Every structure is written in structure tokens, then in C-alpha cells.
Amino acid sequence: MIVLQVNQLYKSFVTDEILSGVKLEVQHRDRVALVGRNGAGKSTLLKIIAGQMSYDSGEIIIPKDVKLGYLEQHAGLESSLTIWDEIMTIFEPLRNQEKTLRELEQKMADPSVYENTDLYSRVMAEYDQLQHDFKDAGGYQYEADTRSVLHGMQFYPADYHKPIASLSGGQRTRLALAKLLLSKPDLLILDEPTNHLDIETLSWLENYLKGYDGAILIVSHDRYFLDQVVSIVYEVSRTHVSKYVGNYSAYLDEKAKNYERDLKLYEREQDEKAKLEAFIQKNIARASTTKMAQSRRKVLERTQWMDAPDGDEQSANFGFTINRQSGNDVLSVDNLTIGYEGRTISTNISMRLFREDRIALVGPNGVGKSTLLKTIVKDLPTIQGDIRYGTNVQIGYYDQEQAKLTGNKSVLQELWDEWPLMNEKDIRTVLGRFLFSGDDVSKPVNSLSGGEKARLALAKLMMQKANLLVLDEPTNHLDLDSKEVLENALIDYPGTLLFVSHDRYFINRIATKVVELSGTGSFEYLGDYDYYVEKKQELQELAEMKAAAAQKSEQAPTTSKPSTSQIDKDAKKRERQIRRTIEELEKNMSVLSERITIIEEQLCDPNIFRDHEKVMELQKELDTVKTNHDELEMEWLELNEELEDILS
């Protein structure tokens, strides 16, 4: 069943054509993504489909019985009600039915009705039909569904009676999403629903949308989210829309293949066009060949030649370098307590950063990730504990709120005031690499979009040439193409990275370690985001096994023994966990062994041997790496012994 059909849709703003000949179709239970650069027209198309914006020509077909639900990008609930009362407004018809059922039950209990056979039969028939309708409409589960969705959006029973007016902007956006999900429209249209969501909430939303009993049309810059949820991708590019079947990764692969194919066709057509033009120029003046030349010219003029497949779209082009290298020990955080304005947010935070580490900070919203970064860059004071900075450490800080940008300055002046010795041409060249050209450099900073401010902040960061980059949500406001460019720049960066991000695709590409922050401490995982999720699940399973074993030993008589099947099941589970851990330890030991070999070779180099400070630094690093290797090796031996015991 088709729930949405868009045919030959055109939309312009004054003289700028935004959408041209758009065709789009959504079937029941389709999961469709709209992707494209900022400003390509994705949100415009959603608003047109939702009936919130007019269009120039074309048609939009939505069957009469299809219920449509739309969530704008920065939408937030405005209401004088409490959270629970506002959500319950969705179920007003069900609550009225429930009220009628209670009234009918009272009637049936009335002796006068019971004694009147005809009246009693009519009441019973009405009650049976209404009860059936109530059950089919979800009347017996809507409150449970509400609690489940509110919990997924991080609203708990203690929050239900809070007035919506007292919530933050991010909380109102999450509540608006929760209300829309509970209304269960046949076509769910979401514009950037992943904004303001932490990783835990994102994972919940992914699982919810996978099982959603309706069609979904979604705009998102979260590539991991798109890979998990969607099965069809429509790309909005240069006013046109192209369809790709598959998730986001499949779309990228198919797009690359299409580009290669189109490029070959384009080059072939250009060769043919050049030959025609050369023939015309050579033969048009000759009497004997002028008719042939005129015929070829008609062919040249009538042929619709392909545009270059890359079009006129530009990408940002930048990289990060450093002025000088830091020491091996970059940053040490010990038993740190963080907070602000007399309020403690998180305690007992400890971590180490070594040169060329790429550490991702993760944790739920409100746990203090941004506060920790601000404390490290000295924008906030420490409440308790120590932060020690290594030799030659230069910090470059990217603030997700762009608070370091001056609103009344122009884009050009924002950079030039900080690097006044550079000439204007060089400043303009830098800005050009971040897609600020022509009159763009004269725009006041406070008039820029979120994406433009992000690119300007990244330009300033690049100019600093710091050897420790501290980044707070660097991919926010960036379109998919700009995220790709930023990732490649950070992968090639020769310094050290500490960053906060909810973009799991970004964490997977960049991070070598993940530090999970909680209100009572921090825990380090040696790997990317997928490893962090797997390891955390493994640790949770171990904790559950230990808790279950302890509970069983307390409850069971001293003479009772666990069943053979349960022992085998637990042993197999533990064997899998040990094998995964051993594999990871072997990888890490291999990396450390390679590093030991490199350092030992450097210490044998006569040029380095004569540099006493360099020798001391290398020797210190060698001792640290060997200690880490020995610790891993000891753990590896212990796990192998345990594995042998299980298998014997």
C-alpha cells in the first residue's frame, strides 16, 4: 500500500530553484532516509509533504485514511500541562471509551436494569461491542506503552508531574518526539530526530523504529543511525532527488559506482563533442564540406550533453597540523571532581592521555562530559583532584556552543584579529578551504547558520596548530560530506585527540580508546565504539552471572549442586568471553611489541644516542610500554590457564 507519492514537484524561492521535478514514493512499513548537504532542500521537502509549505507545481498524493505525523528539526512542546497530562491528551478518545465502559458496568450492576431483560440485553450488547473496540484500539496497554516510550526518552515516573514549562529545550524536543511516537501515525516524518539524544537514547530509538508498525520518512546526519534503521535512501542534490535501495552504507557504495560510470560516460561524450567541434571548425568554410559541417553542427546543438557528474558542488578541504610535538605523557587526570556554581556533577574521574591517543568520552546527557572538557582546558576550575599537563602540550579547544566566536565581527575579522600578522589574501585562502568565499567573508558571525559557525570554529582550530585537540561534539551541525572531510583530517592529524561525540560512526572511525563517564567515576575501554559496546555487554553478563551464582549459593542447601546442563552452558559462555578477551589482548600486545622494537631501534641510532634529553624521553616511554606489555601478558597467561581448566 502506498502511503505517499510525490510527482514532478517544483519549488523555488524568488529566483533560486530549490527542488526540480522531484519524484518520491513511500510504501507501508518503508524506512526511507532523505540525505544531502545542508541547504540542499531536505527540510523544505519534508515541510511541503507535511502541508506546512506551499509548492510551485507537481502533486502530492496521500490517501485519505493515512494519518501523517511530522516532527520539525527544532520542535519542542509548549504546554501549561504536566508531562503525563500532556501525553494523555493523545488518548482522549480511549479515555472517554474507558469512562463509558465504567458507566455501563455500573448500569449492569443496578438491580432495576438486571430485572429488565430487554434493557439488560441491550446494555450487555453495547458493553461487549465497546469492550471489543477498546481492546482493538489498545485501550488495555496505552498506559504501559506511554511509560515505555517515556522511559526510552529518559523521562521517569518521578518526572511525570513536572510542568512542561520547567523543562529545558532539549527535554521539550525529546518529549515532542515521544508524543509523536505514541500517536502512532501511518507515516512518521522526522527531521533530525537524533539531535539532543545521547547514545543510550539513540540505541533505544533505533530499536523502536525498527519495529514501528508504519512508514518512516527521516532526515538525519547520523550515519550509524541510518545504517541501523533505513532500507531506502533518497539523495537531494542540485535540486534533484535520486533513489538508492539499501541503508546508508549501501547508498555510499552505489553512489561511488554510479559516479565512476557517469564519469566514463561524460568523458566519452566530451571526446565525441570535441571531435564534432573540431570537424565543424575545420570544414565549415570549405565549399565541398560545408554541408557536412552544418549537419554536424545541428547534431551538436540538438544533443543534450551530460553535465559533469561532480557538478558544481564544493567540499571543504582542510587538515590539522602541529607546531611542535608534545612529550609522550600528554595529560594525567587523577581522582577529579567536576562541577560548576557550587554544584558537583561527577567525581572520582581518572584517565591518562599519551601522545597520538584518540580518546572518545561517552556517557548519558548531564553526566558532565562537556564540563570535564571545560575543566581540562581551564574554562572551569577543578573542585577536587589533579590535572597534570605534559611537556610542550598546546591545547586547541572546539566548543559545541561556539561561545568563543564573537557575534558582531565579520567572518574575515574573526580570523584576522587573532592572526593580525597574516595578510588578507592568506586569511581569505584559509576561509575558502572552509567554503567561505566572496561576500561570505563579510557576513557577521551572528547571522551564520549552525553549520557555517561550525566550519568557522574549525578554521580557527586549524590555525592554532595545537598538539592536543579537545573537541566537544565537533560533528554537530555538519552535513554528511563535511563530517567525512573532518574525519579524514583527524585521522591524518599527528597530535593527540580527546573528544565528546554522540556520533557512533564518527567514534568508530576516530577513537582508539573509549572512556565512559558516570556520576561516580570513569572506565576505560581499549578500542572503538563497537568494541566498547561488546565489552560493556560482556562485563554486564559477567556481573549478572556472579550475582546469580551468589544468590543461588545463598538460597540453595549446602549439599545441592548445579545441574550438569547449567554448568556446561555457563562454561561455554565463559569460554566465549575468554576467547574474545584473549584475542583482544593479543592484538594490543602485538601493537606494544612493535612499539618496543621501534623505540629500541631509535635508542641504537647514533644521532639520537647523542641527544641526552631524547634518550631520557625514549627510555621513559620504553619503560612504560614494557610495563603495559607485561601486565597484558600476565592477564593473557591467567586467561589461558582458565581456558585450559574449562576445556579439560
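Its first residue numbered 1, the sequence shown is counted upward by one per residue in UniProt numbering.
Built from N, CA and C at the ideal position, the CB exists for glycine as well.
Here the structure is a predicted model, which means the values were calculated and not measured.
Contiguous alpha helix (DSSP H) elements confined to the segment 114–141 occur at 117–136, taking only those with 4 or more residues.
For the options 414, 338, 501, 352, the alpha carbon positioned closest to that of residue 378 is the one of 338. Closest in alpha carbon position to residue 437, among 412, 207, 397, is 412. The Cβ atoms of residue 406 and residue 441 lie no closer than 8 Å to each other. Residue 194 has its alpha-carbon roughly 13 Å from the corresponding atom of residue 175. Bridge pairing for residue 517: 522 [DSSP]. For residue 531, the secondary structure class from DSSP, reduced to helix, strand or coil, is helix.
Within the same chain, and ignoring the five residues on either side of residue 104 in sequence, the residues whose Cβ sits closer than 8 Å to its Cβ are 123, 126, 127, 130. DSSP places residue 73 outside both helix and strand once states are collapsed to three, so it counts as coil. One Cα belongs to residue 431, the other to residue 414, and the distance between them is close to 11 Å.
With a beta-carbon spacing of about 5 Å, residue 68 and residue 187 fall inside the 8 Å limit used to define contacts. Listed in chain order, the alpha helix (DSSP H) elements of length 4 or more contained wholly in the segment 8–72 are 42–49. Under the DSSP definition of a beta bridge, residue 235 partners with 35, 242. Contact annotation: residue 72 and residue 191 have beta-carbon atoms nearer than 8 Å. Closest option to residue 482, judged by alpha-carbon separation, among 95, 433, 504: 433. Using a C-beta cut-off of 8 Å, the segment 318–325 makes no contact with the segment 339–351, since fewer than three inter-stretch Cβ pairs fall below that distance.
If you check the CB distance, residue 24 and residue 241 come in under 8 Å. Ranked by Cα distance from residue 521, the first of 54, 207, 299, 350 is 350. Contiguous beta strand (DSSP E) elements confined to the segment 458–516 occur at 468–472, 496–500, taking only those with 3 or more residues. Note: residue 6 is bridge-paired with 24, 60 in the DSSP secondary-structure output. Excluding the 5 residues flanking it on each side, residue 639 has same chain C-beta neighbours closer than 8 Å at 578, 581, 582, 585, in chain order.
Residue range 329–340 is occupied by the beta strand (DSSP E) that includes residue 339, with no alpha helix (DSSP H) assigned at that position. In the three-state scheme derived from DSSP, where H, G and I count as helix and E and B as strand, residue 274 is classed as helix. Pairing residue 532 with residue 361, the inter-Cα distance amounts to about 11 Å.
A distance below 8 Å between beta-carbons, with the five flanking residues on each side excluded, links residue 234 to the following residues of its chain, in chain order: 24, 32, 33, 34, 35, 241, 242, 243, 244. Ranked by how close their Cα comes to the Cα of residue 158, the residues 147, 293, 529 have 147 in first place. Note on geometry: alpha-carbon atoms of residue 462 and residue 468 lie some 12 Å from one another.
Cβ-Cβ distances below 7 Å link residue 645 to nothing in the same chain once the five nearest sequence neighbours on each side are left out. Judged by DSSP in its simplified three-state form, residue 258 adopts helix. Residue 247 is classed as buried because its beta carbon has at least 16 other beta carbons within 10 Å across all chains shown. Within the same chain, 259, 262, 263, 266 come within 7 Å of residue 309 by CB-CB distance, once the 5 residues on both sides are set aside. The segment 354–370 and the segment 498–516 touch, with three or more beta-carbon pairs separated by less than 8 Å. Excluding five sequence positions before and after residue 28, the CB atoms of its chain that fall closer than 6 Å to its own CB belong to 1, 3, 215, given in chain order.
Between the segment 275–284 and the segment 197–215 there are fewer than three C-beta pairs closer than 8 Å, too few to call the two in contact. With contacts defined as CB atoms closer than 8 Å, residue 239 and residue 162 fail to qualify as a contacting pair.
Here residue 94 is near residue 139, since their CB atoms are less than 8 Å apart.
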